[in-house]
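Q: First to last, the protein sequences are chains V and W. Numbered according to our numbering, the first sequence spans residues 70 to 478. Numbered according to our numbering, the second sequence spans residues 6 to 111. Take a look at this one; I'll ask things after.
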Amino acid sequence: MTHHILIIGAGQAGLQAAISLRQAGFDGPVTLIGAEDTLPYQRPPLSKAYLKGEMALDRLLLRPDAFFQSQNITLRLNSVVEGIDRASQTVTLVGGETLSYHKLLIATGAPPRRLPLEGADASNVYYLRTLKDSDKLRNILEVDGRIVIVGAGYIGLEVAAVARAAGRDVTVLEMADRVLSRMVGNTVSNFFQNLHRGHGVDLRLGAQLCGFTNKGGRVVAARLGDGEEIPCAAVLVGIGAAPDQGLAVDAGLKVENGIWVDESARTEDPAIWAAGDISNFPSPFYGCRFRLESVPNAIEQGKTAGLTMAGKEHIYDALPWFWSDQYDVKLQTVGCLPPADSANRHEIVRGDAARAPLSVWTFVGDELRSVDAINEPAAFLMGKRLIAARTKIDAKKLADPATELKSLM
Amino acid sequence: MPKITYIEQNGTEHVVDAEAGVSVMEAAVKNMVPGIDADCGGACACATCHVYVDAAWLEKAGKKENMEESMLDFAYEPKDNSRLSCQITMSDALDGLIVRLPEFQG
Ligand SMILES: Cc1cc2nc3c(=O)[nH]c(=O)nc-3n(C[C@H](O)[C@H](O)[C@H](O)COP(=O)(O)OP(=O)(O)OC[C@H]3O[C@@H](n4cnc5c(N)ncnc54)[C@H](O)[C@@H]3O)c2cc1C
Ligand code: FES
């Protein structure tokens, strides 16, 4: 049998694996199967430049059509895998076609969590994951009326910024008592709360969304726990994502908040790998497991899977990092924020906590764990190096504004 | 269409046609020029699209913004002619542009 490598999911991680397979010299057949009808593209601009209308579609594409031909990668778009049979090493597509594999990568990503509320299936309730979602959302940015955004995570806040720039009235409803509560500490949350309020966003923290008032199949108002009704023209839901792991569950693979893999992205089945938003992997650096939703994670893990499938053993041990653009502010974060109740957790703020540029350095004891840099890329890049090298840092020196970041290395 | 020449560390040259309006990073990725990772896809967030701009083109390539400048400061072996290639937009004025690739992306 030919050594056929099959990849389910033509997104950031799946494409990267295909690229890395070829870079590692694998010259057998590679098939990339994607449910969407577009060439693999990057998602971050969908809530930023592309949503604003400042970036053309072809600039979203991760590789041009010619790439797939020249690299001899078979791209099957508009194709959905509905089952994996591990015993016969085959997958079945919707429509009935069966493809066999020698090695398989599952890179199906993490679609948005749905809002479990009555009326949330109305035609003007939007989610944002795909190019099509972004196109639909862009259309509603041109319509009058308030947009209610459910959830103050990155996606909700990025869309709020674009909507405000487009002149729309925006209400953001967040259940927690601060924004970005799963990703950053209080100082950074505060900064972004002030930023959005300063731009005219009606930001409600600790908000309880109870339901919607619908008319003719459309939401006309969002209803809060205290009885208040917020009239609106559209709703965007950004309450997180959940790994698309049904295929793995059905195939009997170990699944627990994502598909369970080792540091080389391999599942317990030696013929199957998983990478990107879908995978739950061990971090040698931190000595614990993660499931991350970020481009750098998809790239690094996709690379690891590709190289290992090609027979070049590789370990994924990169530090997590992320960025977000809101208004004229760029947040770059690196490392892993220790839980708020960690003993000896403390932070050092460089700069004025209310004004960019600033950076927040979070420690457990004398160990630097994460850096959040706001319009201060130097702090981000320096933090990345210091965390990776486990450099002991003189906290006093770091806190002194006169200290040059470079002198910390 | 304006042309860009990318020169790898080992001297290999890649000459590509770049549409006006695309970045020097995008033209490299589209044309399979190795050595530019561009992890953030041009968001000026990753510093993995570092190039050295040929002296003759430095001025025409435009000025660095503050963000770019401080990112480059932490790139692998930054020099005076270092740029993030995602921040240089191609135009007819840049027809013939020559950039060299660093040994690593930071
Ligand atoms: C709006 C938005 C903004 C973002 N902004 C940032 C940012 O600023 N920075 C950052 O680091 N990250 C950002 N992210 C996250 C980042 O885009 C993801 O982490 C990344 O795309 C994950 O890659 P992936 O390959 O795991 O999944 P995806 O890129 O989602 O690819 C998975 C693909 O698999 C396909 N698929 C699923 N099931 C099947 C099936 N059964 N058969 C065939 N195909 C299937 C899906 O259709 C999809 O195309 C953002 C995400 C979104 C949605
Ligand atoms: S591509 Fe990331 S900074 Fe240029």
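The beta carbon of each residue, even a glycine, is placed where N, CA and C say it ideally should be. Since the model is a prediction, treat every value here as computed from it, not as a measurement.
(1) Between Ser75(W) and chain V, is there a C-beta pair that is closer than 8 Å?
(2) Please confirm if Asp97(W) has its CB atom under 8 Å from at least one CB of chain V.
(3) Would Lys372(V) pass as an interface residue toward chain W - the criterion being a Cβ-Cβ separation below 8 Å?
(4) Spell out a yes or no on whether the stretch 435-449 of chain V and the stretch 397-414 of chain V are touching, meaning 3 or more CB-CB pairs, one atom from each, closer than 8 Å.
(5) State buried or exposed for Leu115(V), treating a residue as buried only when at least 16 other CB atoms are found within 10 Å of its CB.
(6) What's the C-alpha gap between Cys49(W) and Asp127(V)?
(7) With DSSP collapsed to three states, give me the class of Thr377(V).
(8) Taking C-alpha atoms, which residue in Lys68(W), Phe79(W) and Gly46(W) lies nearest to Gly132(V)?
(9) Alpha carbons only, please: which of His268(V), Arg292(V) and Val288(V) is nearest the one belonging to Gln277(V)?
(10) Contact check, Ala104(V) vs Ser169(V) under 8 Å by CB: the rounded distance?
(11) Identify, in the order they occur along the chain, each residue of the same chain with its Cβ nearer than 7 Å to the Cβ of Gln14(W), setting aside the five sequence neighbours on each side.
(12) Is Phe391(V) a contact residue of ligand 1, with contact defined as CB to any heavy atom under 7 Å?
(13) Using only the alpha-carbon positions, how far apart do Ser192(V) and Gly275(V) sit?
(14) With DSSP collapsed to three states, give me the class of Asn366(V).
(15) For Glu416(V), name the three-state secondary structure that DSSP assigns.
(16) Going straight from the alpha carbon of Arg198(V) to that of Lys465(V), what length do you get?
(17) Output, in sequence order along the chain, the residues in the stretch 391-406 of chain V whose CB is closer than 8 Å to any CB in chain W.
(18) Taking the CB atoms as reference points, tell me whether Gly111(W) and His55(W) lie closer together than 8 Å.
(19) Between Leu264(V) and the rest of its own chain, which residues show a CB-CB distance below 8 Å, the 5 nearest in sequence each way excluded?
(20) If we count the other Cβ atoms within 10 Å of its Cβ and call it buried at 16 or more, is Ala66(W) buried or exposed?
(21) Would the C-beta of Gly97(V) count as close to ligand 2, meaning under 7 Å from any of its heavy atoms?
(22) Mind checking Cys357(V): buried by the 16 CB within 10 Å criterion, or exposed?
(23) Identify each residue in the stretch 47-62 of chain W for which the Cβ-Cβ distance to at least one residue of chain V is less than 7 Å, and report them in chain order.
(24) Please give me, in chain order, every unbroken run of the alpha helix (DSSP H) with length at least 4 that falls completely inside the stretch 81-112 of chain V.
(25) Does the Cβ-Cβ distance between Arg207(V) and Gly122(V) come in under 8 Å?
(26) Mind listing, in chain order, the continuous alpha helix (DSSP H) runs of no fewer than 4 residues lying wholly within the stretch 283-358 of chain V?
(27) What is the residue span of the alpha helix (DSSP H) that His383(V) lies within?
(28) Going along chain V, which residues have a C-beta under 8 Å from Asp44(W)?
(29) For Ser90(W) versus Leu77(W), is the C-beta distance shorter than 8 Å?
(30) Using three-state DSSP, classify Ala442(V) as helix, strand or coil.
(31) Going along the chain, which residues of its own chain have a beta-carbon closer than 7 Å to the beta-carbon of Lys205(V), five neighbours each way excluded?
(32) Contact criterion: CB-CB distance below 8 Å. Does Asp78(W) meet it with respect to chain V?
(33) Below 7 Å on C-beta distance, what does Glu31(W) contact in chain V?
(34) Just to confirm the assignment: which complete alpha helix (DSSP H) runs, minimum length 4, are found wholly within the stretch 216-279 of chain V?
(35) For Ser250(V) and Asp85(W), what's the separation of their Cα atoms in angstroms?
(36) Against chain V, with Cβ distances strictly below 8 Å, would Lys84(W) count as a contact?
A: In this structure, then:
(1) Position 70 of the second sequence, counted from the start, is the residue given in the question as residue 75(W). So yes, Ser75(W) belongs to the interface.
(2) On the second sequence, position 92 is the one that residue 97(W) refers to. No, Asp97(W) lies away from the interface with chain V (no Cβ there is under 8 Å from its Cβ).
(3) Here the question's residue 372(V) lines up with position 303 in the first sequence. No, because no Cβ of chain W sits closer than 8 Å to the Cβ of Lys372(V).
(4) yes
(5) On the first sequence, position 46 is the one that residue 115(V) refers to. That one is buried.
(6) Looking up residue 49(W) in the second sequence gives position 44. Looking up residue 127(V) in the first sequence gives position 58. Looking at the two C-alpha atoms, the distance is approximately 19 Å.
(7) The count along the first sequence starts at 1 and reaches residue 377(V) at position 308. Here Thr377(V) sits in helix by DSSP.
(8) Your numbering for residue 132(V) matches position 63 in the first sequence. The sequence shown places Arg at residue 132(V), rather than the Gly named in the question. Considering only alpha carbons, the answer is Gly46(W).
(9) Along the first sequence, one-based indexing puts residue 277(V) at 208. Looking at the Cα atoms, Arg292(V) is the closest of the given residues.
(10) Counting from one through the first sequence, the residue named residue 104(V) turns up at place 35. Counting from one through the first sequence, the residue named residue 169(V) turns up at place 100. That belief does not hold up - the Cβ atoms of Ala104(V) and Ser169(V) are roughly 20 Å apart, past 8 Å.
(11) In the second sequence, residue 14(W) corresponds to position 9, counting from 1. Only Leu106 and Glu108 meet the Cβ criterion.
(12) Translated into the one-based positions of the first sequence, residue 391(V) becomes position 322. Yes; taking the cut-off as 7 Å, the Cβ of Phe391(V) has a heavy atom of ligand 1 nearer than that.
(13) Numbered from 1 along the first sequence, position 123 holds the residue referred to as residue 192(V). Numbered from 1 along the first sequence, position 206 holds the residue referred to as residue 275(V). Each residue's alpha carbon lies about 27 Å from the other.
(14) Within the first sequence, residue 366(V) is the residue found at index 297, counting from 1. Three-state DSSP puts Asn366(V) in a helix.
(15) Locating residue 416(V) in the first sequence gives position 347, where the first residue counts as 1. Correct three-state label for Glu416(V): strand.
(16) Along the first sequence, one-based indexing puts residue 198(V) at 129. Along the first sequence, one-based indexing puts residue 465(V) at 396. So the alpha carbons of these two residues sit roughly 43 Å apart.
(17) Trp392, Asp394, Lys399 and Gln401
(18) As a working note, residue 111(W) is residue 106 in the second sequence. As a working note, residue 55(W) is residue 50 in the second sequence. Their beta carbons are under 8 Å apart, which means Gly111(W) touches His55(W) by this criterion.
(19) Position 195 of the first sequence, counting from 1, holds the residue named residue 264(V). If we look at Leu264(V) and ignore the five residues flanking it on each side, its Cβ neighbours are Gln395, Tyr396 and Val398.
(20) Within the second sequence, the letter at position 61 stands for residue 66(W). That one is buried.
(21) Indexing the first sequence from 1 puts residue 97(V) at position 28. Not so, every heavy atom of ligand 2 lies at least 7 Å from the Cβ.
(22) Here residue 357(V) is taken as the residue at index 288 of the first sequence, counted from 1. Exposed, since its Cβ has fewer than 16 Cβ neighbours within 10 Å.
(23) Flagged, chain order: Ala48, Ala50 and Ala52.
(24) 81-92
(25) The residue given as residue 207(V) occupies position 138 in the first sequence. The residue given as residue 122(V) occupies position 53 in the first sequence. Yes; because the gap between Cβ atoms is below 8 Å, this pair is in contact.
(26) Counting only runs of 4 or more residues that sit fully inside the stretch 283-358 of chain V, the alpha helix (DSSP H) segments are 315-319, in chain order.
(27) The residue labelled residue 383(V) in the question sits at position 314 within the first sequence. Where His383(V) is concerned, there is no enclosing alpha helix (DSSP H), given that its DSSP letter is neither H nor E.
(28) As a first step, residue 44(W) is located in the second sequence; it is residue number 39 there, counting from the start. Result: Val364, Pro365 and Ile368.
(29) The sequence position of residue 90(W) within the second sequence is 85, counting from 1. The sequence position of residue 77(W) within the second sequence is 72, counting from 1. Not a contact, by the Cβ cut-off of 8 Å.
(30) Along the first sequence, one-based indexing puts residue 442(V) at 373. Three-state DSSP puts Ala442(V) in a strand.
(31) Here residue 205(V) refers to the residue found at position 136 when the first sequence is read from its first residue. Closer than 7 Å at the Cβ level, and outside the excluded window around Lys205(V), lie Tyr195.
(32) Translated into the one-based positions of the second sequence, residue 78(W) becomes position 73. Chain V contact via Cβ: present.
(33) Translated into positions along the second sequence, residue 31(W) becomes position 26. Those are Arg128, listed as they occur along chain V.
(34) 223-234 and 255-267
(35) Position 181 of the first sequence, counted from the first residue, corresponds to residue 250(V). Position 80 of the second sequence, counted from the first residue, corresponds to residue 85(W). Going from the Cα of Ser250(V) to the Cα of Asp85(W) covers about 40 Å.
(36) Numbered from 1 along the second sequence, position 79 holds the residue referred to as residue 84(W). Output row for Lys84(W): interface = no.
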